[in-house]
Amino acid sequence: MLNFETATTAQPKDFVFISGTGGQVTFIKTPATTNYTPFLAHAGLSYGISKNLDIGCRLCTVPIPWLIVG
(Lines of atoms letter the chains of each structure in order from A; the text may use other names.)
(Lines give C-alpha, C1' and ligand atoms only; values in the text may rest on other atoms or scores of the structure.)
Protein backbone atom coordinates (compact mmCIF):
# COMPACT_ATOMS: atom_id res chain seq x y z
CA MET A 388 0.00 0.00 0.00
CA LEU A 389 1.17 3.48 -0.74
CA ASN A 390 0.55 6.00 1.97
CA PHE A 391 -0.21 9.56 0.88
CA GLU A 392 0.26 11.10 4.31
CA THR A 393 2.13 10.47 7.53
CA ALA A 394 0.48 8.16 10.00
CA THR A 395 1.11 8.72 13.68
CA THR A 396 1.35 5.70 15.94
CA ALA A 397 -1.15 4.99 18.69
CA GLN A 398 -0.04 6.08 22.15
CA PRO A 399 0.97 3.28 24.56
CA LYS A 400 -2.07 1.30 25.80
CA ASP A 401 -4.45 3.20 23.48
CA PHE A 402 -6.83 1.24 21.26
CA VAL A 403 -7.70 3.30 18.17
CA PHE A 404 -9.67 3.15 14.92
CA ILE A 405 -7.65 3.93 11.78
CA SER A 406 -8.83 4.78 8.27
CA GLY A 407 -7.52 6.39 5.14
CA THR A 408 -6.96 6.12 1.43
CA GLY A 409 -3.96 4.68 -0.37
CA GLY A 410 -3.07 3.11 -3.69
CA GLN A 411 -1.75 -0.23 -4.87
CA VAL A 412 0.39 -1.35 -7.79
CA THR A 413 0.36 -5.06 -8.64
CA PHE A 414 2.80 -6.74 -11.02
CA ILE A 415 1.58 -10.13 -12.24
CA LYS A 416 3.74 -12.42 -14.39
CA THR A 417 2.82 -15.01 -17.02
CA PRO A 418 1.08 -13.31 -18.75
CA ALA A 419 2.73 -10.02 -17.77
CA THR A 420 0.16 -7.59 -16.41
CA THR A 421 0.42 -4.42 -14.36
CA ASN A 422 -2.56 -3.30 -12.31
CA TYR A 423 -2.74 0.11 -10.61
CA THR A 424 -5.63 0.84 -8.28
CA PRO A 425 -5.68 4.36 -6.84
CA PHE A 426 -7.76 5.44 -3.88
CA LEU A 427 -8.13 2.20 -1.95
CA ALA A 428 -10.21 2.99 1.08
CA HIS A 429 -9.06 1.11 4.17
CA ALA A 430 -9.89 0.96 7.85
CA GLY A 431 -8.82 -1.03 10.86
CA LEU A 432 -7.88 -1.14 14.52
CA SER A 433 -4.54 -0.41 16.17
CA TYR A 434 -3.13 -0.82 19.69
CA GLY A 435 -0.21 1.20 21.06
CA ILE A 436 2.56 -1.03 22.42
CA SER A 437 5.14 1.63 23.26
CA LYS A 438 6.17 5.09 22.04
CA ASN A 439 6.38 5.01 18.21
CA LEU A 440 5.28 1.35 18.05
CA ASP A 441 1.80 -0.03 17.53
CA ILE A 442 0.24 -3.15 16.10
CA GLY A 443 -3.04 -3.50 14.30
CA CYS A 444 -5.29 -5.10 11.76
CA ARG A 445 -6.10 -3.19 8.59
CA LEU A 446 -9.02 -4.16 6.38
CA CYS A 447 -8.82 -2.89 2.83
CA THR A 448 -10.56 -3.15 -0.49
CA VAL A 449 -8.92 -5.84 -2.62
CA PRO A 450 -8.66 -4.86 -6.30
CA ILE A 451 -9.20 -7.12 -9.29
CA PRO A 452 -7.64 -9.59 -10.15
CA TRP A 453 -7.43 -10.67 -6.50
CA LEU A 454 -11.21 -10.44 -6.08
CA ILE A 455 -11.68 -13.31 -8.51
CA VAL A 456 -9.03 -15.65 -7.07
CA GLY A 457 -10.72 -18.45 -5.14
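Numbering of the sequence shown is given in our numbering, commencing with residue 388 and proceeding in unit increments. By construction, the Cβ of each residue, glycine as well, lies at the ideal position given by its N, Cα and C atoms.
How about the segment 403-412 and the segment 427-435: do they share at least three Cβ pairs that are nearer than 8 Å? yes
Going by alpha carbons, who is nearest to residue 424 out of 418, 412, 417, 416? 412
Label residue 441 either buried or exposed according to how many other C-beta atoms from any shown protein chain fall within 10 Å of its C-beta, with 16 as the threshold for buried. buried
For residue 439, which residues in the same chain have their Cβ closer than 7 Å to its Cβ, ignoring the five residues on either side in sequence? 396
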